[in-house]
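Throughout the sequence shown, residue numbering follows full-length UniProt numbering, covering 1 to 97 in sequence. All remarks here apply to the structure that follows.
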Amino acid sequence: MVAVETIPITEAKARIAELADRVAREHDHFTITRNGRADVMLISVAEYESMRETLDLLSDDETLADLRQSREDFAAGDTFPVDEVRAELERRRSRAA
């Protein structure tokens with residue numbers, strides 16, 4: 001579970017190096033307040049980029065349709081054995097080379 005801590009901006013300024021280390025190393029989140037109101041979040045760049053990528057995927061209707069179809073296929077048992085998938089990937093790699 002990711003730790004979420006709320007701290008005032010004056011405290012965040014004094015502890016910025018420590019907070020940055022925790023965010024980068026432990027994936028902690030910090031809500032930073034100004035005048036008692038939540039104003040900004042401190043999260044890692046990797047997590048931010050991951051969220052942006054997820055939002056991009058979720059905003060693409062074709063990608064969502066593919067995801068829904070794959071879930072339906074899986075639920076119906078319409079899957080391929082892993083050895084067949086690996087063999088197909090290997091064939092595609094060898095053609096691309």
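Beta carbons: idealized from backbone N, C-alpha and C, even for Gly.
**Study point:** Cα-Cα separation, Leu64 to Glu49
**Key:** Cα to Cα, Leu64 sits roughly 19 Å from Glu49.
Point to revise | Own chain residues within Cβ distance below 8 Å of Arg15, not counting five before or after | key: The residues are Ile7.
Check your understanding: At what residue ranges does the region 19 to 82 contain a whole run of the alpha helix (DSSP H), taking only runs of 4 or more?
Key -> Runs found: 45 to 58 and 61 to 75.
Practice item. Less than 8 Å between the CB atoms is what I'm expecting for Thr31 and Ala24, so what's the real figure, rounded? Key: With a Cβ gap of about 17 Å, Thr31 and Ala24 do not count as contacting.
Practice item. List the DSSP bridge partners of Glu5. Key: Under the DSSP definition of a beta bridge, Glu5 partners with Phe30.
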